[in-house]
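Quick note on numbering: the sequence shown equals residues 92 to 146 in the working numbering. Here the structure is laid out as structure tokens; the discussion comes afterwards.
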Amino acid sequence: MADIQKIIICDDEDDARLLIRQYMADYPQLFIIKECSNGLEAVNAINSLEPDLIF
């Protein structure tokens, strides 16, 4: 089994974040730890949560 990868989804459009979430549902090794709707929120989340991947 593959290691779980922590991910953060960043987009200012709700529909875009929803679409990415739907795509990620096909990959159980990806775990969404945060969704961000603006750049400042994303930078703070990246610094504090240290994700493996950012979309």
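Ideal Cβ placement from N, Cα and C applies to all residues, glycine included.
- By the criterion of at least three beta-carbon pairs nearer than 8 angstroms, the region 94 to 102 is in contact with the region 118 to 131.
- Excluding the 5 residues flanking it on each side, D117 has no same chain C-beta neighbour closer than 7 angstroms.
- A distance below 9 angstroms separates the beta carbons of L121 and L144.
- Boundaries for Q96: no alpha helix (DSSP H) harbours it, while the beta strand (DSSP E) harbouring it runs Q96 to C101, taken from the DSSP string.
- D106 and N138 have their alpha carbons spaced roughly 25 angstroms apart.
- Taking the CA atoms as reference points, D103 sits about 18 angstroms from M115.
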